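Note that the protein sequences, when read in sequence, are chains A and B. Heads up, the first sequence is in numbering that gives the first Met the number 0, so the first residue is 0 and it goes up one at a time. Heads up, the second sequence is in numbering that gives the first Met the number 0, so the first residue is 0 and it goes up one at a time. Note that CB positions come from ideal geometry on N, CA and C, so glycine has one too. Computed from a predicted model, the values in this text were never measured in an experiment. Report on one structure; see the data block that follows.
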Amino acid sequence: MGLASNAYAQAPARAAASAGDAAFGARMLGEASGEQIFTRVCAACHMQDAKGAEGAGRYPALAGNAKLAIGAYPAMVVVKGLNGMPPIGAMLTDQQVADVVNYVRSHFGNKFKGAVKAEEVKAIR
Amino acid sequence: MISDLSPQTRRDLLTMIGRAGGGLAMYQAMTALGHAAETQFSGPPALSGARAGASVLVLGAGLAGMLAAYELTKAGYKVQVLEYQDRPGGRNYSVRGGDKIVEVGGATQNVAYQPGNYLNPGPWRIPHHHRTLLHYCKAFGVELEPFIQLNHNAMVHRKDAFGGKPQRYKELAVDFTGHVSELLGKSLNAGALDSAVSKEDKEKLIAALREWGALDGDLKFTSNLGVSSRRGYDRAPGGGVNGAPTPSKINGLSDVLSSHVWTQMSFYFNYVMQTTMFQPKGGMDMIGKGFYKQIAKLVRLNTKVTGIKQDDKGVAATWTDTVTGKTGVATADYMVCTLPATILAQMDMQVSDAKKAAIKAIPYSGQVKIGLEMKSRFWEEKYSIYGGHSFTDQAIGLISYPNYDFFKDKPAVLLGAFANGAGGYMLAGMTPEKRIEAALAQGSVFHPEEYRREFMNGASVAWSRMPWILGCCGMWTEESREAHYQNFVSMDGRIVLAGEHASYYGCWMEGALLSSLDAITRLHKRALAA
């Protein structure tokens, strides 16, 4: 709907992963690390302790979530989105997607083996 | 004119038709001429003659659900509405002093605004062409007042422009237009565009640039009184002996470009952002309350739907009372389901695989709004800013000045953030206290002396944290519309979905209402054909 970041529209009937989103996100997140991306983006829904939350529906916990065992799966969810979750990866670099996935897979009590690489993220896009 | 039988222009023709055939003929003629096709709303639906005893279950008491309940009841259906929250209205919502905001995860805010002050966390402005909404506001006695959209005297801030010092919109916009005009004029005069522009058009263009860009006789954009009559003066015009104004100094092209002011200029060009815009007096939820008055007795609040079933005889929704824990099953012949896709995607729901896939194809945005109550209206008293928005490239996105109680000597609620995208996620992930601190720190760039000094209290609504919706608005892309939109809006057995997410006016109340009218019109047709 025109305005790049569209932070201003009441009705951002914009594309979920528009170029404007990516530019705005890149400006906001800059050189953010995996931990910073978790804190500044993921925690909005999954909560700062990664334990998720429940209302009329629920945000799944990332802490202790067996679906994170294979790194490609969370990387795909970050890049493509899932159900109500937007394709957050649109505003992150390949390396940042890998960093945040690896951060979540190795924190909050998670001890999943094998790190996701930027090239794997690139292949998913 | 009426004696002239050969109208020369479309306007003349319309004037004649208006006089001869009255308003309706005028409207039909205008539509035929492509003038008034600004809305798909053609008046409230004239549904009638429902079969005796026919019933509809409506899920959700937001605007789409309440409109469906209202019109279907008028058509003769027996209607019941189930609503998860303890209030009707959905995203049509206003926050006032004494309200409690509880987020998923448990963070709780007790709102401390003074009486009469409010924050509209969801919708807050109504375009003049959203005829459906305007129609029902009028019908239900919801009083509207102007919403100040474009304020030339509000500000634009960008961290890496003008050393981080905000500039007045009017100065940047005039300077941008002036510099661009001068450059284009130079190109034209140098013959650089001769292959693209005829000689005649070139002359017209140069005249246009001189006027539009406030250029001088040499087609230059310079600091002078003519330019100042647009961007403001160094010393404003006065009376008497020292009445003569002095011009302001224009900004250089590079500085103007660094402000990205074209982003704001083009924002105001958006069809849905054009003046005139409106807001309800007393808070946006006056609209939801207007609807609720019509159908309150049909609504069961505090009712969480846990499953949706249908067969060839009817529909059923299982529910749990969120206060008492009581469970039950609501049944009817048909269903209008307005629950957000975020919730439906996780629900046990008996619809086709294609509809399930469509429901799962809609991600939701996560806007954040923050309302800061200030002791005084310093933005009016000191800055001459009355309504409108000051934009920033920080997470808060903008601050916006209240459009009611101008000039009053009492506290007022300023919109301290309307964050979207990355900024929205960033603020949503904070505790409510930290959000307020971030809003104060970031908003201070506009009013550094007053912002913290005048601050009293604040409240935030992070839509991704709202338990009943887990997001703000459905987001379609061209690809997802192509693949799923028709499957989403189609009648599936006895169930039809409605809401802003089932429209091409996503995130607008108008979309929710148009979607609802379309859904119930199809439902009624189906019910009569059965």
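Closest Cα partner of residue i within the set the options
| i | options | result |
| --- | --- | --- |
| L56/B | G64/B, A49/B, R50/B | G64/B |
| P296/B | A315/B, A60/B, L426/B | One detail in the question is off: residue 296/B reads as Lys in this sequence, not Pro. Closest option to K296/B, Cα to Cα, is A60/B. |
| Q79/B | D352/B, D404/B, L300/B | L300/B |
| A344/B | M154/B, A356/B, A421/B | A356/B |
| L224/B | Y232/B, G242/B, K280/B | Y232/B |
| L61/A | C41/A, G54/A, A55/A, A71/A | C41/A |
| Q263/B | A427/B, T391/B, S479/B, A458/B | T391/B |
| K312/B | P44/B, A526/B, Q39/B, P43/B | A526/B |
| M285/B | I361/B, W123/B, Y484/B | W123/B |
| R39/A | E119/A, R104/A, L91/A | L91/A |
| E432/B | L413/B, N419/B, A461/B, A421/B | A461/B |
| F175/B | F290/B, T221/B, A138/B, G115/B | T221/B |
| D254/B | L62/B, K158/B, A191/B | K158/B |
Residue j beta carbon less than 9 Å from that of residue i
| i | j | result |
| --- | --- | --- |
| N515/B | T326/B | Checking the sequence, you will find Ser at residue 515/B rather than Asn. No, these two residues do not count as a Cβ contact at 9 Å. |
| N119/B | G387/B | no |
| V155/B | V260/B | yes |
| P410/B | M373/B | yes |
| A89/A | V78/A | yes |
| Y69/B | S54/B | no |
| V350/B | I494/B | yes |
| S257/B | A160/B | yes |
| V110/B | G121/B | no |
| I67/A | R104/A | It should be noted that the sequence gives Leu, not Ile, for residue 67/A. The answer is yes: Cβ separation under 9 Å. |
| P145/B | T38/B | no |
| A511/B | M490/B | no |
| G56/A | M346/B | yes |
| R230/B | V271/B | no |
| R464/B | G89/B | no |
| G163/B | M27/A | no |
Below-9 Å beta-carbon distance, residue i vs any chain B residue
| i | result |
| --- | --- |
| L61/A | no |
| A12/A | Its pLDDT being 35, under 50, A12/A is placed unreliably by the model, and the measurement read from it follows with that caveat. Interface residue, yes. |
| E30/A | no |
| H106/A | no |
| E119/A | no |
| R26/A | yes |
| N64/A | no |
| G54/A | yes |
| M75/A | no |
| Y58/A | yes |
| N101/A | no |
Residue i at chain A interface by Cβ criterion, 9 Å
| i | result |
| --- | --- |
| Q273/B | no |
| G365/B | yes |
| Q166/B | no |
| I369/B | no |
| G20/B | The pLDDT assigned to G20/B is 48, lower than 50, so where the model puts this residue is not dependable; a value taken from the coordinates is nonetheless given after this. By this cut-off, G20/B is not an interface position. |
| M425/B | yes |
| K359/B | yes |
| L338/B | yes |
| G163/B | no |
| L522/B | no |
| P244/B | no |
| L516/B | no |
| P362/B | yes |
Nearest-angstrom Cβ-Cβ length linking residue i and residue j, presumed shorter than 8 Å
| i | j | result |
| --- | --- | --- |
| Q532/B | C471/B | The question about residue 532/B has no answer, for chain B in this structure spans 0 to 529. |
| A416/B | L81/B | Actually they are not in contact, since the Cβ atoms of A416/B and L81/B sit about 33 Å apart, beyond 8 Å. |
| E453/B | S375/B | 6 Å |
| F405/B | E379/B | 7 Å |
| Y333/B | L522/B | 5 Å |
| Y450/B | G442/B | 6 Å |
Legend entry - Within 8 Å of chain A by C-beta, residues of the stretch 453-472 of chain B in sequence order: A461, S463, R464, M465, P466, W467, I468, L469, G470, C472
Inset, instruction - Name, going along the chain, the residues of the stretch 406-422 of chain B whose beta-carbon falls closer than 8 Å to a beta-carbon of chain A. - result: Along the stretch 406-422 of chain B, going in chain order, the ones with a CB nearer than 8 Å to a CB of chain A are F417, A418, N419, G420, A421, G422.
Inset, instruction - Output, in sequence order along the chain, the residues in the stretch 90-115 of chain B whose CB is closer than 7 Å to any CB in chain A. - result: V103, G104
Legend entry - Residues, ordered as in the chain, of the stretch 32-49 of chain A that lie near chain B by beta-carbon distance below 7 Å: T38, R39, V40, A42, A43, C44, M46, Q47
Legend entry - Cβ-based contacts, 7 Å cut-off: residues of the stretch 288-304 of chain B near chain A: K303
Inset, instruction - Check distances from the C-beta atoms of the stretch 341-356 of chain B to those of chain A and list, in chain order, the residues that come in under 7 Å. - result: T341, I342, A344, Q345
Legend entry - Under 8 Å (Cβ pairs) to chain A, residues found in the stretch 472-485 of chain B: Residues of the stretch 472-485 of chain B with a C-beta atom less than 8 Å from some C-beta of chain A are C472, M474, W475, T476, E477, S479, listed in chain order.
Inset, instruction - For the stretch 86-97 of chain A, enumerate the residues whose C-beta is nearer than 9 Å to any C-beta of chain B, in chain order. - result: Within the stretch 86-97 of chain A, P86, I87, M90 place their CB atoms closer than 9 Å to a CB of chain B, listed in sequence order.
Inset, instruction - Could you run through the stretch 372-406 of chain B and flag, in chain order, every residue whose CB is less than 8 Å away from some CB of chain A? - result: H388, F390, D392, A394, G396, L397
Inset, instruction - With 7 Å as the C-beta to C-beta threshold (strictly closer), list the residues of the stretch 71-88 of chain B near chain A in chain order. - result: Y83
Legend entry - Interface positions of the stretch 427-449 of chain B facing chain A (Cβ-Cβ less than 8 Å), listed along the chain: A427, G428
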